[in-house]
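Down below is the structure, laid out as structure tokens.
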Amino acid sequence: MRPSTVQFALSSSKSIRIETIFAFVGCAVLLISLVVLIDHPPINQRTDFSVTYIGSRMVYLGLGPKLYDLAEQQKLKSQLLPNAEPLIYEHPPFEALLLAPLGALPYKAAFLIWGIINVAIWLFLPYLLRHYAPVPRDDLAYLLLWMLFLPLGGALFEGQSSLIMLLLYSVTFIQLRSGRDFSAGAIFGLALLKFQFALPLALVLLLQRKWRFIKGFLGTAAALGVLSLVAVGWRGILSYIHLLMGVTAHPDNSSYGAAKGMATIQGFVYALLAAPFGHAAVSVIVAAASIFLILWTAWLWRKADISADLRTFDLMFAATIVVSIVTSLHMFTPDLSPLIITMLLVARYFPERSHTSLRLVLGTTLVLLWMPPLFLLLLARHSAYLWFPVLMAFTIGIFKMVGIPGEKIAGAQMVHPAASLAGIPEVDKSN
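Here the working numbering is used: the first residue of the sequence shown is 1, the next is one more, and so on.
Structure below.
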């Protein structure tokens, strides 16, 4: 290689590195500024974080046994957050205990700290997953995709824990991919923070006989169970179970989260069939469809796992993420955040031109999911349930991709994330 060529490569590498650093700094400034802008009443009080704060505040004040007493929740909310939406705290007891330090702070300070934590997670995730998502090759385009996926912005705006869930899905994916099943299970046990998503994925892996994963998962679950008892006691646990039964029995109650606002089997079936058939029939249909989808996913994974290549694992894990979301019984738009893992993995293994119809289905789905105005339109119309057929088409498309012979990536050339974000070019080792 000529000296001039080497000098040009180094110069280009330095230029890319500076551009990437400036892009990350710019995103950090933008996102933190958004948090600061939101953190004023009445806007900050009307976010979902108000619910999280009330729960943590009650435990901090020693009101843990009354955590799921809706009258007590409303009493404290009216005192501290007069502009809050009529939402209730239905999160697991251990969450309120773990976040009690935030409950000790004034609401404005707690919202700011929580927002900064979410910003840090959001900006760390592109770095963490870059090694597994080399498409697009341009780092700035890759970062832009992370900024364009609206559920991430919704999670930040609402103060949801969805970015933490995305982090847990990401780390679990990496651990499983590396063969560290026990640590993957122990880490994913923390996803019981939103157990309605954690349990379907854990069930698929149980049907895969991932025993070490299940042991780790159950170990963390047991620890969180102890923390829940410490937080609210047995009476509080029973009150929580009673509350959850009330939530599932009233899918049209906006205080619990109306079913039509959920991109799930329940949301879709309820919107179409609740009026003519009633709630009981809808519940049976939803349960049957959810069980079928989980069993089908597990069966396809076991069937495909004969080849045992990383491409198969990546795509089946990507599909299982979608299944864990659409089979949940309760969600909001920010809870779609883990889908970005699926989207990036599908982009990585996007089918060749010979698979025209499959490319059309997957490409259309990716475009729709990366269109913020479409999310906003469906939110405004309270019609998020319309995402369900899109997600099902996406899932079936991924299942079809698994059946297409692809290049095994165990020995494929990959760029280390640190090298990628630093702008260091790939080294061709083929010669």
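We put the CB at the ideal spot given by N, CA and C, even for glycine.
Remember, it's a predicted structure, so these values are computed and weren't measured experimentally.
key: Distance, F292 Cα to P126 Cα   = 33 Å
Cβ shell of I18 (< 6 Å), same chain only, five flanking positions each side left out = none
task = State the DSSP-derived secondary structure class of P372, mapped to helix, strand or coil.
result = helix
ask   = Alpha carbon to alpha carbon, what distance is there between I241 and S162?
value = 23 Å
request  = Can you tell me the Cβ-Cβ gap for A384 and T333, rounded? I've got them flagged as a contact below 8 Å.
outcome  = Yes, they are in contact, since the Cβ atoms of A384 and T333 sit about 6 Å apart, within 8 Å.
ask   = Which runs of the alpha helix (DSSP H) fall wholly inside the region 288-375 and span at least 4 residues, in chain order?
value = 310-326, 339-348 and 356-369
task = Measure the CB-CB distance between A191 and M165 and report whether it falls below 7 Å.
result = yes
task = Consult DSSP for I88 and reduce its assignment to one of helix, strand or coil.
result = coil
query = Run through DSSP, which three-state label would L61 get?
reply = coil
Cβ pair count under 8 Å reaching 3, the region 62-72 against the region 81-97 = Note that the region 62-72 touches the region 81-97; at least 3 beta-carbon pairs, one per stretch, sit closer than 8 Å.
request  = Note down the Cα distance separating V346 from A318, rounded to an integer number of angstroms.
outcome  = Going from the Cα of V346 to the Cα of A318 covers about 8 Å.
ask   = What does a CB cutoff of less than 6 Å around A289 pick up in its chain, not counting 5 residues either side in sequence?
value = I265
request  = Starting from the Cα of L344, find the closest Cα among L63, P136 and V35 and give me that residue.
outcome  = P136
query = How is H382 classed by DSSP in three states: helix, strand or coil?
reply = Here H382 sits in coil by DSSP.
task = Round the Cβ separation of G216 and F182 to the nearest angstrom and send it over; I've been treating them as touching at under 8 Å.
result = 4 Å
request  = Rank I117, P151 and Y60 by C-alpha distance to the C-alpha of P106 and give the top, closest one.
outcome  = Y60
inquiry  = Please report the distance separating the alpha-carbon of V204 from that of L273.
reply    = 28 Å
ask   = Roughly how far, in whole angstroms, is the beta-carbon of V247 from the beta-carbon of H382, given that I think they are within contact range, below 8 Å?
value = Incorrect: roughly 18 Å between the Cβ atoms, too far for contact.
F388 and A263 closer than 7 Å at C-beta = In this structure, F388 sits near A263, with a CB-CB distance shorter than 7 Å.
key: Extent of the continuous alpha helix (DSSP H) to which D139 belongs   = D139 to L148
Close beta carbons around G159, own chain, < 7 Å, minus the five adjacent residues each side = Here the set comprises T47, D48, F49, T52, F111, W114 and G115.
ask   = Would DSSP call M262 helix, strand or coil?
value = coil
task = Compute the Euclidean distance between the alpha carbons of V269 and A223, then round it to the nearest angstrom.
result = V269 and A223 have their alpha carbons spaced roughly 36 Å apart.
ask   = For K400, which three-state DSSP category applies?
value = If DSSP states are grouped into helix, strand and coil, K400 belongs with the helices.
message = Using the Cβ count rule (16 or more neighbours within 10 Å means buried), how would you classify D335?
response = buried
key: Of the listed residues L379, L310 and G189, nearest to F94 (C-alpha basis)   = G189
message = Using a Cβ-Cβ cutoff of less than 7 Å, which residues in the same chain neighbour K491 once the five nearest sequence positions on both sides are dropped?
response = Residue 491 lies beyond the range of the chain shown here (1 to 431); nothing can be said about it.
query = Around the C-beta of N44, are 16 or more other C-beta atoms found within 10 angstroms, so that it is buried, or is it exposed?
reply = Per the 10 Å Cβ criterion, buried.
query = Can the beta-carbon of G219 be found less than 7 Å from the beta-carbon of A186?
reply = Judged by beta-carbon spacing, A186 lies within the 7 Å limit of G219, meaning their Cβ atoms are closer than that value.
ask   = In whole angstroms, what separates the C-alpha of E407 from that of I237?
value = Residue placement at E407 is flagged as unreliable, the pLDDT there being 47, under the threshold of 50; the coordinate-derived value follows with that caveat. Between E407 and I237, the C-alpha separation is close to 50 Å.
key: Nearest-angstrom Cα separation, counted from L81 out to T20   = 40 Å
inquiry  = For G154, which residues in the same chain have their Cβ closer than 6 Å to its Cβ, ignoring the five residues on either side in sequence?
reply    = T333 and P334
inquiry  = Less than 6 Å between C-beta atoms, sequence neighbours within five positions excluded: which residues of the same chain meet that for F213?
reply    = D181, A184, G185 and L205
inquiry  = Quick check: what's the CA-CA separation for V361 versus L244?
reply    = Near 37 Å, if we compare the C-alpha coordinates of L244 and V361.
query = Buried or exposed: which applies to N118, given that a residue is buried once 16 or more other Cβ atoms fall within 10 Å of its Cβ?
reply = buried
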